[in-house]
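What follows is a short report on a single structure.
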Amino acid sequence: MSGPIRWLRRAIADPKIVRHLLADEGEVVVDEVRHHWVVYVVPMLECVVALALLVVMLKVPVDAAWIPFAAALVILVHAGWRALNEHMDRFVITNMRVFRVSGVLTKKIATTPIARILDITVDKPFIGRILGYGHFVFESAAQEQGLRDIRYVGNPDQRDLTIQRLLQRSGLRATAKQDDEEEEQQPAPTPVPVVRGRPRANHPRRPGPPTARRLPR
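With full-length UniProt numbering applied, the sequence shown corresponds to residues 1 to 217, in that order.
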């Protein structure tokens, strides 16, 4: 029984982050960010309501018992789907880029290189400061859909520092690489040939001494 459950868990509840890495280019995961546990509060409350409806079902006449049972079933399915959707939404930080994988039956992937991130805003509401979560707002060279707002990030300060370190390393590498390319593109100085020998014909010649003329006898 554990075999089919494990297969179902891998097929549906595993976002398979490793498949999206550029392993041949040396890309590794620095941090895989899941949503903070606060996103599961609403699904848990829905489960409590569904259990209450099941208790009510036991106390109503048999002819009307299907109504709370159907309502509880719908609420349980909605809560499970919402929790699974939050579980599959992952924000991944690698040594080369950041990308986001979301979706249960259909997958959506949004990615941008580390070097294209211009600015990061960390928004921590009052409740978020108490519970330990925040929201990221990314400003990049190309505003990729799905990567601008990353909500309910646990330990936002620590993860912001992680991205800032990667940005710093990427900037230093890009600057060094750009300097090397500029040095390679600079043309070598052309040597000036030195001409020795007789002066050219178009150069003026120095006048010689005056020649003495013979007088007729």
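We treat Cβ as the ideally placed atom computed from N, Cα and C, and that holds for glycine.
- In this structure, the CA atom of D123 is about 6 Å from the CA atom of G134.
- Closest in C-alpha terms to P125, from the list V153, I109, R148 and L105, comes V153.
- According to the DSSP assignment, P113 belongs to the beta strand (DSSP E) that extends over K108 to P113.
- Contact between R90 and R34 is confirmed by a C-beta separation of about 6 Å, below the 8 Å threshold.
- With a cutoff of 8 Å on beta-carbon distance, S140 and I117 are scored as near each other.
- Around the beta carbon of V101, 16 or more other beta carbons lie within 10 angstroms, which makes this residue buried.
- In the three-state reduction of the DSSP assignment, E27 falls in the coil class, being assigned neither a helical nor a strand state.
- The C-alpha of T94 is placed about 13 Å away from the C-alpha of R169.
- Checking the DSSP bridge columns, you'll see Y133 partnered with G154.
- Per DSSP, the beta-bridge partners of R100 are F91 and A110.
- For the 8 Å CB-CB criterion, N85 and V55 do not form a contact.
- Taking 8 Å as the cut-off, the Cβ atoms of G132 and N155 count as close.
- Under a 10 Å Cβ-count criterion, P61 is classified as exposed, with fewer than 16 other Cβ atoms of the shown protein chains found around its own Cβ.
- Close CB contacts of V49 within its chain, under the 7 Å cut and outside five residues either way in sequence, are with I75 (chain order).
- In terms of CA proximity to E25, M96 leads the group H87, E46, M96 and R19.
- Around the beta carbon of T121, a 10 Å sphere encloses fewer than 16 other beta carbons of the protein chains shown; the residue is thus reported as exposed.
- R148 and V137 have their alpha carbons spaced roughly 5 Å apart.
- Within the DSSP secondary-structure output, F138 pairs in a beta bridge with I120.
- D160 sits in a helix when the DSSP states are folded into three classes.
- Cβ neighbours of E46 within its own chain (closer than 6 Å, five residues either side excluded): I75 and A79.
- In the structure shown, the three-state DSSP call for D63 is helix.
- A straight-line Cα-Cα distance of about 42 Å links L58 and K16.
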